[in-house]
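Structure record follows, encoded as structure tokens.
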Amino acid sequence: MPTRRALLKTAALAACSAAAHPLLSTMTFASAPGESRLVVIVLRGAMDGLDVVQPYGDPALRQLRPALSAGPEGGALVLDDFFALHPALDALMPLWQAGELAFAHAVATPYRDKRSHFDGQDLLEAGTGNDLPIDQQKGGWLNRLLQAVPGATAETAYSVGTEEMLILSGQARALSWAPEAALALSPQARLLLAEVYHDDPLFRDAALAAEEIGATLTGKTGKGPGGDAARLAAFAADRLNGGTRIASFSLSGWDSHARQAQVLKRPLGDLATAILTLRDGLGANWARTTVLAMTEFGRTARENGSGGTDHGTGGALLMAGGAVRGGRVHGDWPGLGEGRLYQDRDLLPTRDVRAYAGWAMRGLFGTKAGLIERTIFPGLDLGPDPRILA
Amino acid sequence: MTIDPERAAIRLGYGLSPRVPPADTGFLLDSVAQATQPDGWTATAATAAHLAFGEVRKARDEGALSAEEYRAEVQVLEGQRLDAFRNRLARAAGAPAGFGERLVQFWADHFTVVAQNPTQHLMAAAFVDEAIRPHLDGRFGAMLFAAATHPIMLIYLNQNASVGPNSRFARRRPELHVGLNENLGREVLELHTLGVGADYTQGDVRELAKVLTGLTYNPRDHRRFRPQVVEPGTETVLGVSYGDGLPEIARALDDLAVHPATARHLARKLATHFAADDPPEALVADLAAVWTDSGGDLRAVSAALVTHPDLAATFRQKARQPFDFVAAALRALGMGAGEILALDRPQVRQYLLVPMQRMGQPFGKARGPDGWPEPAGDWITPQLLSARIGWALSMPQRLVEAFPDPRAFLSTALGTTASEALVRAVPRAENTREGVAIVLASTEFNRR
């Protein structure tokens, strides 16, 4: 997918000075980004919202899914009289009971119809609508938010893990690191390499950033690139306890075309681990934290012939954190019955998933509605306040 | 202007070597025929290993095999995976002119498969030998058919689980709720042939998925086609009608292989891989024209690529991916196929496999069916560049006995293409270890 990656070259490593940001130049640098924290987890591979938050109160669910998503009868955990949580997320039930976990259902980005993971993820991370071809989208929406956060520095936002995060790429400088790796060059060799890299900005900036971050790390080591969910989340929590206010990482493994009951156990376990690790690592800061876990699209309402589901449209958004007004499933339920499905196959999206992220940033960072609707999520109608924050 | 041999070896092969002089373009093209020779991995052997391992697992579950004995069996399979990796690297670094092996890497990535368990790794090795290598200088349609119907692809993209909703099997067993799985059909259109930007619809995906019904892999059944799961009737993909059966699947894939959108998609992908992340439009157009005129003849397309003037004009706009970087480093350090094959398994793991993972490219484990990313910015990040520098600092010493003088190594590895800054820097290194590391970590060595 050259289009997406091509953006990244100029993005995360561009190392623009903060003063050059058009949105920041008019702001005072004396102001600080505040104490609110936002973590965005990109769930790559299309999470099946209908299985994760099962609408067992909808009688059509059983006809569409004879085996999958069997609701409380299948061991799912009752959330209310209509929705039940996938049993593999049971570790998150205490959060639900404490009012620190919520969902929005039947949501989607503006991406429709071709159901490509890669394009779907690009659009989710770009945060734009269908007004531009996907390969002309510029940068990610978290980066545009970052440009609007008063007093933001490079440290304000972090992308964690070796996976490039389009969502944080753009004009504002953000740091990117995986919890491991260090340079072990002698000072002389470091100097010589700096000379060798001098005329190649890509290498020069990467080496500079490696030194910068390497110097401040506390010696945590991980196993491989990507690391596991706990490592990513622990690292993010560590940074968020410092000067970082926005962090993003991704969790993969959601593409459950076959044997979904088995396949989803690992990514769901990863997701629960990531959220609980964030909570434990953030300590008192958890109360000021909002976690949004979002995916590129949902999956087919019908179970397929191999115990799985194929690429769909509407899905679910997970929200967690001490700052969240939890214990509820938001959204207008479109129904799964005859004639209610999108193109007779997918959950019909009734709200743009970006609206929830938009309302979250209004509450967390005081971002103006006009800025959200025109710049961060161009073309978005924020709509009525879903009151997702406590 | 056609590219000079030194630059051609860097751009189109695995770089320069103290053992062989850089090749002219004719010699580069000849290397493709060598690369068509298989390594000896077969689906038959992988299937046998799978069945045998099933017995091992059963024996463990029944208590007939101790945990230790079971682990030893897993180790044997893991060792074979390491061997497959080592062989690939040995052929890449050791080939007199590495263009053929570069094409192996390119096409195996184009048709990415990811093994999910130890025996599937053997199947993935067989995939390269059976679906990719034999077709490197043949028709793309033949490679497409071999790749799309190979057991590992049927497993990876769930074609195995796809059953025509009106097939004999589905009607006989309604209680099983079997049905179509769109995954392979979708990726054939989106990734393997037309490209996601092309003019096709969800309807075409669905129809192609129906055409593909019947393709199957069952370790216990040598048949690769099951008529009883075929969706009966005529399907229409991109306006063309197809009936049932393997020949119709081949016809559909053949049509896709020469579709104008496929020519454009693959021309751009080749140009992006070999020339520049943002390739010259003339190169893309020329390759697409050759593709169309020759009916997707990969030999003709390769010949057009290696002689194209834009190859010289875009020198060093690409970053070497970690596999290329490691292969080029071994080659520049003077290691031939023999020396690499002589490494034992723990060495292969510690010196080569694990470091490549740290550089962001765990062997055979691309993140999705779209394979590895191309842009230099995806590979030269703070983290991943650190891993390259770390490897350059610590591994060459362990790999070669006659450690080179850094000044000589600079000329061996980069010929006349080193920058002045690098030529000035290398002799000023504190020790030979860091001198060689600076060459391997340099911009010049990490770009091609």
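Just so you know, the sequences run in chain order A and B. If you read the first sequence in numbering that gives the first Met the number 0, its first letter stands for residue 0, the second for the next number, and so on. If you read the second sequence in numbering that gives the first Met the number 0, its first letter stands for residue 0, the second for the next number, and so on. Using N, Cα and C, we set each Cβ at its ideal position, and we do this for glycine too.
Candidates A:A171, A:K137, A:T127 and A:E124: closest to A147 of chain A by CA position
The option with the nearest alpha carbon to A147 of chain A is A:A171.
From what residue to what residue does the alpha helix (DSSP H) around A432 of chain A run?
Here chain A has residues from 0 to 389 only, and residue 432 of chain A is not among them.
Using only the alpha-carbon positions, how far apart do M448 of chain B and D23 of chain B sit?
Absent from the structure is residue 448 of chain B, since the part of chain B shown begins at 0 and ends at 447.
Which two residues bound the contiguous beta strand (DSSP E) that contains G434 of chain B?
Unbroken run through G434 of chain B is the alpha helix (DSSP H), T431 to A440; no beta strand (DSSP E).
By the 10 Å Cβ neighbour count, where 16 or more other Cβ atoms means buried, how is E234 of chain B classified, buried or exposed?
E234 of chain B comes out buried.
L28 of chain B beta carbon less than 9 Å from that of R101 of chain B:
Annotated as distal: R101 of chain B and L28 of chain B, with beta-carbon spacing of 9 Å or more.
Where does the unbroken alpha helix (DSSP H) through F168 of chain B begin, and where does it stop?
First-last of the alpha helix (DSSP H) with F168 of chain B: R167 to R171.
Can you give me the start and stop residues for the beta strand (DSSP E) that Y241 of chain B sits inside?
Per DSSP, the continuous beta strand (DSSP E) segment holding Y241 of chain B begins and ends at V239 to Y241.
Give the residues of chain B in contact with P65 of chain A, contact being defined as C-beta atoms less than 8 Å apart.
Against chain B, the beta carbon of P65 of chain A has neighbours under 8 Å at H176, listed in chain order.
Taking Cβ to Cβ, would you say T306 of chain B is nearer than 9 Å to T35 of chain B?
No. Outside cutoff.
Hey, how far is the Cα of L110 of chain A from the Cα of G169 of chain A?
The sequence shown places Tyr at residue 110 of chain A, not Leu. In this structure, the CA atom of Y110 of chain A is about 21 Å from the CA atom of G169 of chain A.
Please confirm if V195 of chain A has its CB atom under 9 Å from at least one CB of chain B.
Closer than 9 Å to some Cβ of chain B, the Cβ of V195 of chain A qualifies, so yes.
Whole angstroms are fine: how far does the CA of A386 of chain B sit from the CA of F324 of chain B?
Just so you know, the alpha carbons of F324 of chain B and A386 of chain B end up roughly 12 Å apart.
What residues match up with W176 of chain A in a beta bridge as DSSP calls it?
DSSP, once it has assigned bridges, lists A:V159 as partnering W176 of chain A.
Report the CB separation of A83 of chain B from A124 of chain B in whole angstroms; it is logged as a contact under 8 Å.
That pair is a contact at about 4 Å.
Are the Cβ atoms of E337 of chain A and G357 of chain A separated by less than 9 Å?
Not in contact: E337 of chain A and G357 of chain A (Cβ atoms no closer than 9 Å).
From the DSSP output, read off the bridge partner residues of F102 of chain A.
According to DSSP, F102 of chain A shares a beta bridge with A:L317 and A:V328.
Length of the line joining the Cα atoms of P385 of chain A and Y355 of chain A
Near 7 Å, if we compare the C-alpha coordinates of Y355 of chain A and P385 of chain A.
Contact defined as beta carbons within less than 8 Å: I believe L121 of chain B pairs with L352 of chain B. What is the distance between those atoms, to the nearest angstrom?
Rounded to whole angstroms, the Cβ separation of L121 of chain B and L352 of chain B is 16 Å, and the two are not in contact under 8 Å.
Compare the beta carbon distance of L263 of chain A and V77 of chain A with 9 Å and say whether it is the shorter of the two.
No. Outside cutoff.
Between which two residues does the alpha helix (DSSP H) carrying R250 of chain B extend?
Going by DSSP, R250 of chain B is part of the alpha helix (DSSP H) stretching over L245 to A256.
Mind the definition here: the region 147 to 166 of chain B touches the region 183 to 192 of chain B only if three or more C-beta pairs lie below 8 Å; say whether that holds.
Yes, the region 147 to 166 of chain B touches the region 183 to 192 of chain B.
Since R327 of chain A contacts D309 of chain A with CB under 8 Å, what's their CB separation in whole angstroms?
With a Cβ gap of about 30 Å, R327 of chain A and D309 of chain A do not count as contacting.
Could you check the C-alpha separation between S301 of chain B and L340 of chain B for me, to the nearest Å?
One C-alpha to the other measures close to 29 Å.
Segment contact flag, the region 287 to 300 of chain B with the region 315 to 333 of chain B, C-beta cutoff 8 Å, min 3 pairs
With the cut-off at 8 Å, the region 287 to 300 of chain B and the region 315 to 333 of chain B do not touch.
Once you ignore the five residues that flank R267 of chain B on each side, which residues in its own chain have a CB closer than 7 Å to its CB?
The answer, listed in chain order, is P278 and V283.
What first and last residue would you give for the beta strand (DSSP E) that runs through L392 of chain A?
Residue 392 of chain A is absent from the structure shown; chain A starts at 0 and stops at 389.
Beta-carbon proximity list for A236 of chain A, same chain, < 6 Å, skipping 5 on both sides
Annotation for A236 of chain A: L277, G280 and L281 place their beta carbon closer than 6 Å to its own, counting only its chain and skipping 5 residues before and after.
Could you confirm whether any beta carbon from chain A is found closer than 9 Å to the beta carbon of R446 of chain B?
Under the Cβ criterion of 9 Å, R446 of chain B is counted among the residues facing chain A.
Can you give the Cα-Cα distance for L190 of chain B and H134 of chain B, rounded to whole angstroms?
Their backbone Cα atoms lie some 18 Å apart in a straight line.
Expressed to the nearest angstrom, what Euclidean distance is found between the alpha-carbon atoms of Q115 of chain B and A47 of chain B?
So the alpha carbons of these two residues sit roughly 17 Å apart.
Under the DSSP definition of a beta bridge, which residues are partnered with R36 of chain A?
Its beta-bridge partners are A:T288.
Could you tell me whether the Cβ atoms of T292 of chain A and A319 of chain A are closer together than 9 Å?
The amino acid occupying residue 292 of chain A in the given sequence is Ala; Thr does not appear at that position. Against a cut-off of 9 Å, the Cβ pair of A319 of chain A and A292 of chain A comes out as a contact.
Proximal residues, the region 302 to 322 of chain A versus chain B, C-beta separation under 9 Å
Taking 9 Å as the Cβ-Cβ cut-off against chain B, the residues of the region 302 to 322 of chain A that qualify are E302, N303, G304, S305, G306, G307, D309 and H310.
Taking only beta-carbon atoms, is G232 of chain B less than 9 Å away from chain A?
Closer than 9 Å: no.
What in chain A is Cβ-close to G202 of chain B, meaning under 7 Å?
Near G202 of chain B there are no residues of chain A at all, since even the closest Cβ is about 10 Å away, more than 7 Å.
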